[in-house]
Amino acid sequence: MGEPRPGGARNKTTKIGDEMGESAAKAELNERLAAYMNRKGLRSTAQRRLVTDLFFDSTDHLSIEDLLAIVRKEDPKVGYATVYRTLKLLKESGLAAERHFGDGVSRYEVASDEHHDHLICTECGKIVEFEHDEIERLQDELAANHGFKLSRHVHELYGLCESCQG
Ligand SMILES: [Zn+2]
Ligand SMILES: [Zn+2]
0 MGEPRPGGAR NKTTKIGDEM GESAAKAELN ERLAAYMNRK GLRSTAQRRL
50 VTDLFFDSTD HLSIEDLLAI VRKEDPKVGY ATVYRTLKLL KESGLAAERH
100 FGDGVSRYEV ASDEHHDHLI CTECGKIVEF EHDEIERLQD ELAANHGFKL
150 SRHVHELYGL CESCQG
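What follows is the structure, encoded as structure tokens:
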């Protein structure tokens, strides 16, 4: 089942985890990344580690520009290409999930074994994650009725969040 995600508003604060404060989940992400890079013969760099560290700390759905802004608060010398390539690496290694929410921007979140779907505000871009057992069950049932065995699905609901309904 994994750890429940923090509820309510997405926490925008990011911090560099020190040895003591690093969560078990993050340590596992770092281990999986190190193993993947080893297999591929890729070297880690200080900048790349900073990018992956801040990404793993985030619970947001970040565009490349979003992550670049977060990274540059720690190290203004990090360039777009480094963030782009690091996110590509994280995606290829299965540690980042790429999302598209209808505005042509690729967003990335830390990949999780726990499935969730998204509610998206078309006005302010607020994203809410949800998981609903009954919806999941109905999707499987509907697919089966059409002779499908599902391997994955993306369920996105678009509309106005509470504060954008004016
Ligand atoms: Zn909104
Ligand atoms: Zn999500």
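Everything in the sequence shown is counted per numbering that gives the first Met the number 0, starting at 0 for the first residue and increasing by one. Glycine included, C-beta positions come from ideal geometry on N, C-alpha and C.
Element boundaries [alpha helix (DSSP H), containing Ala166]
Because the chain here runs from 0 to 165, residue 166 falls outside it and cannot be looked at.
Can you list, in chain order, the residues of its chain with a C-beta nearer than 6 Å to that of Thr81? Leave out the 5 residues immediately preceding and following it.
Here the set comprises Gln46.
Check each candidate in Arg42, Gln164, Ser57 and Val50 and name the one with the smallest Cα separation from Ser22.
Ser57
From the DSSP output, in three-state form, read off Glu128 for me.
strand
Could you name the residues, in chain order, whose CB is less than 7 Å away from a heavy atom belonging to ligand 2?
The filter returns His60, Arg98, Glu108, His115, His117, Ile126 and Glu128, in chain order.
Should Ser57 be counted as a contact of ligand 1 given a C-beta to heavy atom distance under 7 Å?
no
Residue closest to Tyr157, alpha-carbon to alpha-carbon, out of Gln138, Phe147, Lys125 and Asn144:
Looking at Gln138, Phe147, Lys125 and Asn144, the one whose alpha-carbon comes closest to that of Tyr157 is Lys125.
Which same chain residues, not among the five before or five after Val50, have their C-beta less than 6 Å away from its C-beta?
Val70, Val82 and Thr85
Assign Thr13 to one of two classes, buried (16 or more other C-beta atoms within 10 Å of its C-beta) or exposed (fewer than that).
Annotation note: pLDDT 36 at Thr13 (below 50); position unreliable, coordinate value reported separately. Thr13 should be labelled buried.
Rounded straight-line distance, which links the Cα of Ser111 to that of Leu53
So the two alpha carbons sit approximately 16 Å from each other.
Grab the span of the alpha helix (DSSP H) containing Arg31 for me, first residue to last.
Ala23 to Lys39
Bridge partners of Tyr157, per DSSP?
Ile119
Would you say Glu155 and Phe100 are within 8 Å of each other, going by their C-beta atoms?
yes
In the DSSP output, which residue or residues are listed as bridge partners for Ala45?
When beta bridges are read from the DSSP output, Ala45 appears opposite no residue.
Between the Cα of Arg136 and the Cα atoms of Ile119, Tyr79 and His152, which residue gives the shortest distance?
His152
Would you please state the rounded distance, in angstroms, between the beta carbons of Leu89 and Arg31? I believe it to be under 8 Å.
Between the beta-carbon of Leu89 and that of Arg31 there is about 10 Å, and that puts the pair past the 8 Å contact cut.
With DSSP collapsed to three states, give me the class of Arg98.
strand
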